[in-house]
Amino acid sequence: MGDGARLVTAPTGQRVLLDGRRVTLGPQPLKGGGQAAVYPVADHRQIVVKLYREPPGAEQERRLERMLTLTPLGGRPIGPGQPPELAWPTAVARGAGGEFLGYAMRRFGEPGHVQLVGLFTRAQRLRLFPERTDWRFMLGVGWNLAFMTARMHYEGLVVGDFSSNNVVVDANGFVTFLDCDSIAFTDPATHEEFPCLMQTADYAAPERLAGGPATRQSDDFALAVLIYQLLTAGNHPFGGVPRDSESETTVKDNIAASRSYVAAPGCVIVPRGVVDPTILPPALLALARRAFGPGVTHPAARPQAQDWLRALDEERRLARVCPDRPRHSHGSHLTTCPWCARAAVTGHDVFNDTSPTGPNPSAASAASRQTKQMHLMQPVQPVHPTQQKRRQRRREQAGPPSRQAPTWLPDTGRPLALGLTILVAVLVLVIVVNLAQGH
Amino acid sequence: MRNERQPRTLPASYADIEFENNAQRLPLVLCLDTSSSMTGPPIQTLNDALRSWTRELHDDVSLSYSVEVAVVTFGGQGVCAWRGAQPLPPQVPVSPFVPAHAFQAPVLGAAGVTLLTEALELAVRIVADRKAELRAGGLQYYRPQICLVTDGLPTDGTGRWTNAWQRLVPTLTDDQLARKYRLYAIGVGDISDMGEQVLKALAPAFNARLHGFPFRELLQMMSASANAEQRGAGDEVFEKIFAQFRTQRPAWEA
Ligand SMILES: Nc1ncnc2c1ncn2[C@@H]1O[C@H](COP(=O)(O)OP(=O)(O)O)[C@@H](O)[C@H]1O
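Here the protein sequences line up with chains A and B, keeping their order. In this text, residue positions in the first sequence follow the numbering used here: the first is 1, and each later residue adds one. In this text, residue positions in the second sequence follow the numbering used here: the first is 1001, and each later residue adds one.
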């Protein structure tokens, strides 16, 4: 009965226990997914509670209990203004009789956090993201996504159900993964294995569609699709319909059949208005072709998060800004603005609203440049110690510091300063430890 | 001015398909009874529910990415396809599908007869047409959803009860088996046992007879199913969502 009542508007919401403390949930879920619904909590705006629709079972309860003993990715990020990269469970939610119902986590809701899919259409980009959201921003989000994935893999976590719905992005381009209760991991203390049981068809590698387990390589596949979508302003690399026009073909079918126009041009009728894959700088395009060509059927051939990270890093420093239209930027391999060229041919501007009723893009953006710059900090994505060192070294060799996240502003010294601070902290720590051992 | 250039070079056949979005689409048809028995509070409730659902749809970043909505009504003198809030004159070659983020709820009135058979035929036809349009544009689609809602029995143009709906059954059965769309048939209000039998024959997998006019929950169920479709969920998930929707009846009666 209580189950049925959940979706129904009631004057007051359900009561649950979090760590033995009683809280009242909002009467309506923020949003109901397939297997669960996520509720706001009265008087605790910063958390939400996810309740499973069906009794979740001992297995899931055990998983949550073990997750609560872990603090993956170092628990807290390094950069100022950066949200955690994982919406990790913070408490188990129980009913009055102690029965397991779900879990609590930090809230990553709109307007501060928007699902990644919001970046994939012009209408939503213009509505939900800062005025100046352009290709460089998309590139930066791709970098952050690759970074998050690399860090998770480094710590033995498999994202598993990696999709444009389960990742949210903030105004600085920082990313957070939401569906942590589906992450695959091995408990370091007990060596219990917790597999990922969820998947999203449009991001599932063929071996997962065929029923195989989630692995780092299946993450690599989803990551490649997401990065490709970001770099093409939303195009799925397995879009398009086969030439025999009667068949009903979905993205999932194209993945299963290894049909990607990115790797094999001409294998499908591409979606009208598709952005040409060569919008990707050569190094990135080569990775995409590997992922959507040989990598489809050979998981080991897929580029890994680290590979994307390196290639994206190069490009972030080189990206060019179009002098003619706001929100137009592109890779350094192109000498003229591809977005202007496309607008001239199709009448559609991927980044600006050109409808007669739309805002005047140049005026709007000029205004925002003045009001927003002061508020925007240099966003910094946390850096893994080993990576930090490598990046530090490269910076020293290569001159200008590389950017660490989508940047609206020219580089400031912030990343360098931050890196130095950490270095000093580590040195102090080493000295202290040495002294302690000296006794 | 940099944005003065407004060329309309878009081929006419593409004009109905949002250009700067080539996501896989999810067509959704609401096939709604607006016959005289819906007069008063029921049609009011339906209009209110459509309005708030539209708002939720706009706010839903992932649904509004791929869902396209068309409305078909049966009432008055016949059937009508709506393009958002605009009724389309018959035979106009304009698609009634609107991207979710641009969808506006029509304001419906109740009167006349219950041409359920013709409405369902129209719904099936516009889905088939839409698929062809999308395919021609190189666009993919998820399995469409058609949601039929009625509070009565199918009639002919004079308001007399008719068996004509039976001619639909073979096609609908084949189409559903071939996964061409998911058909939901929902009876509301004072629908009779016979009315319920009609719905069961039309939509063997997803039919329900609900007390009152729980349109809001019904539309939320359509969204939940659309969400599951986007994830690529298995049949059992849709059955679960629907079963949950059906069993919520007692709470609505309160
Ligand atoms: N920590 C969170 N803060 C805010 N919204 C969240 C959070 N976690 C999940 N959500 C939202 O709740 C919805 C339902 O989540 P979930 O049950 O995980 O969906 P599904 O099972 O369909 O993946 C998601 O679409 C997401 O947008």
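Note that beta-carbon positions come from the ideal geometry of N, C-alpha and C, so glycine has one too.
Any C-beta of chain A under 7 angstroms from that of residue i
{"i": "B:His1101", "result": "yes"}
{"i": "B:Tyr1184", "result": "no"}
{"i": "B:Val1124", "result": "no"}
{"i": "B:Glu1022", "result": "Per the sequence shown, the amino acid found at residue 1022 of chain B is Asn instead of Glu. So, interface residue."}
{"i": "B:Arg1167", "result": "no"}
{"i": "B:Gln1140", "result": "yes"}
{"i": "B:Phe1019", "result": "yes"}
{"i": "B:Arg1055", "result": "no"}
{"i": "B:Arg1231", "result": "yes"}
{"i": "B:Gly1137", "result": "yes"}
{"i": "B:Val1198", "result": "no"}
Distance CB(residue i)-CB(residue j) smaller than 7 angstroms
{"i": "A:Ala300", "j": "A:Pro294", "result": "no"}
{"i": "B:Leu1063", "j": "B:Ala1100", "result": "yes"}
{"i": "A:Gln304", "j": "A:Asp220", "result": "yes"}
{"i": "A:Pro72", "j": "A:Phe174", "result": "no"}
{"i": "A:Phe120", "j": "A:Gln229", "result": "yes"}
{"i": "B:Val1067", "j": "B:Leu1028", "result": "yes"}
{"i": "A:Leu30", "j": "A:Val38", "result": "yes"}
{"i": "B:Gly1159", "j": "B:Val1113", "result": "yes"}
{"i": "A:Ser258", "j": "A:Pro237", "result": "no"}
{"i": "B:Glu1118", "j": "B:Val1079", "result": "yes"}
{"i": "B:Leu1026", "j": "B:Ala1178", "result": "no"}
{"i": "B:Leu1139", "j": "B:Asn1022", "result": "yes"}
{"i": "A:Leu18", "j": "A:Ala87", "result": "no"}
{"i": "A:Ser218", "j": "A:Ala205", "result": "yes"}
{"i": "A:Thr200", "j": "A:Glu193", "result": "no"}
{"i": "A:Ala42", "j": "A:Tyr52", "result": "no"}
{"i": "A:Val158", "j": "A:Ala222", "result": "no"}
{"i": "B:Pro1096", "j": "B:Leu1088", "result": "yes"}
Beta carbon proximity, residue i to chain B, threshold 7 angstroms
{"i": "A:Val38", "result": "no"}
{"i": "A:Thr149", "result": "no"}
{"i": "A:His348", "result": "yes"}
{"i": "A:Arg122", "result": "yes"}
{"i": "A:Asn166", "result": "no"}
{"i": "A:Arg450", "result": "The requested residue 450 of chain A does not occur in the structure, where chain A is confined to residues 1 to 439."}
{"i": "A:Val321", "result": "no"}
{"i": "A:Gln115", "result": "yes"}
{"i": "A:Val241", "result": "yes"}
{"i": "A:Ile227", "result": "no"}
{"i": "A:Val296", "result": "no"}
{"i": "A:Thr249", "result": "yes"}
{"i": "A:Ile269", "result": "yes"}
Minimum C-alpha distance to residue i - residue among the options
{"i": "A:Arg310", "options": "A:Tyr154, A:Glu193, A:Gly142 and A:Tyr103", "result": "A:Gly142"}
{"i": "B:Leu1153", "options": "B:Leu1088, B:Ala1164, B:Gln1140 and B:Gly1212", "result": "B:Ala1164"}
{"i": "B:Ile1146", "options": "B:Cys1080, B:Leu1032 and B:Ala1111", "result": "B:Leu1032"}
{"i": "A:Pro55", "options": "A:Glu155, A:Val23 and A:Gly95", "result": "A:Gly95"}
{"i": "B:Lys1200", "options": "B:Glu1018, B:Pro1090 and B:Val1149", "result": "B:Val1149"}
{"i": "A:Arg62", "options": "A:Asp181, A:Thr133 and A:Val251", "result": "A:Asp181"}
{"i": "B:Pro1090", "options": "B:Ile1126, B:Pro1106, B:Val1061 and B:Glu1056", "result": "B:Ile1126"}
{"i": "A:Asn190", "options": "A:Arg66, A:Ala264 and A:Ala150", "result": "Reading the sequence as shown, one finds Thr at residue 190 of chain A and not Asn. Nearest option by C-alpha distance: A:Arg66."}
{"i": "A:Arg22", "options": "A:Gly273, A:Asn352 and A:Ala104", "result": "A:Ala104"}
Exposed unless 16 or more other CB atoms sit within 10 angstroms - verdict on residue i
{"i": "B:Gly1084", "result": "buried"}
{"i": "A:Gly97", "result": "exposed"}
{"i": "A:Glu131", "result": "buried"}
{"i": "A:His113", "result": "buried"}
{"i": "A:His328", "result": "buried"}
{"i": "A:Pro111", "result": "exposed"}
{"i": "A:Leu318", "result": "exposed"}
{"i": "B:Gln1077", "result": "exposed"}
{"i": "A:Asp179", "result": "buried"}
Residues that DSSP places opposite residue i in a beta bridge
{"i": "B:Thr1034", "result": "B:Gly1075"}
{"i": "A:Ala36", "result": "A:Tyr52"}
{"i": "A:Glu193", "result": "A:Thr186"}
{"i": "B:Ile1186", "result": "B:Val1149 and B:Ala1208"}
{"i": "A:His330", "result": "A:Arg320"}
{"i": "B:Thr1155", "result": "B:Trp1161"}
{"i": "B:Ala1070", "result": "B:Val1029"}
{"i": "B:Arg1130", "result": "According to DSSP, B:Arg1130 bridges with nothing at all."}
{"i": "B:Gln1086", "result": "B:Arg1083"}
{"i": "A:Leu476", "result": "Nothing about residue 476 of chain A can be reported from this structure: the residues present for chain A run from 1 to 439 only."}
{"i": "B:Pro1099", "result": "B:Glu1068"}
| field | Members of the stretch 51 to 76 of chain A near chain C, C-beta cut-off 9 angstroms | value | The question asks about chain C, but that chain is absent: this structure's protein chains are A and B.
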